[in-house]
Amino acid sequence: MRSLEEMQKAIADFCRERDWDQFHNGKDLAIGISTEANELLDLFRFKSPEEALAAHPEEIREEIADIFFFLLRFAERNHIDLDEALKEKMEKNSRKYPVEKAKGSNKKYNEFE
Ligand SMILES: [Mg+2]
């Protein structure tokens, strides 16, 4: 598996060759993440999770890749270290969702008693 940096470089090269840097500002890349996430969501419309996964395996794989593309590109263009950001957010989440309160629960952190 390639590193995040290697994947970001491959995307940057792909975009540079097409002169797309001019379009890849924070706003438009954020729209890209959201749009692609909604394309994934659309595959599940009016279906059970199992039906959607069985009906659209290739499309789901492609939409996940689209989301990942925009996520990697957003982070690269905005100098965000994804590994660090994820680590920090997981630490934050572990404080918001302590095991003793969150284990087996689907409650949001502000619903804990
Ligand atoms: Mg797509």
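Residue numbering for the sequence shown follows my numbering, beginning at 31 and increasing consecutively.
Backbone N, C-alpha and C fix where the C-beta goes; we use that ideal spot for every residue, glycine too.
- Query: Would you say the beta carbon of Asp58 comes nearer than 7 Å to a heavy atom of ligand 1?
  - Reply: No, Cβ of Asp58 sits at least 7 Å from all heavy atoms of ligand 1.
- Would the C-beta of Asp96 count as close to ligand 1, meaning under 7 Å from any of its heavy atoms? yes
- Query: Around the Cβ of Ala84, are there at least 16 other Cβ atoms within 10 angstroms (buried) or fewer (exposed)?
  - Reply: exposed
- Message: For a test of your reading of the model: does the CB of Glu88 fall under 7 Å from any non-hydrogen atom of ligand 1? Yes or no.
- Response: no
- Run through DSSP, which three-state label would Asp96 get? helix
- Message: Checking 8 Å against the spacing of the C-beta atoms, do Glu69 and Glu93 come in under that value?
- Response: yes
- Query: Is Asp111 helix, strand or coil by DSSP?
  - Reply: coil
- Task: Compare the Cα-Cα distances from Thr65 to each of Asp96, Asp113, Ala82 and report the closest residue.
- Result: Asp96
- Message: For ligand 1, is there any heavy atom lying closer than 7 Å to the beta carbon of Glu69?
- Response: yes
- Can you find at least 3 beta carbon pairs, one from the stretch 117-137 and one from the stretch 72-88, that sit closer than 8 Å? Too few Cβ pairs lie closer than 8 Å, so no.
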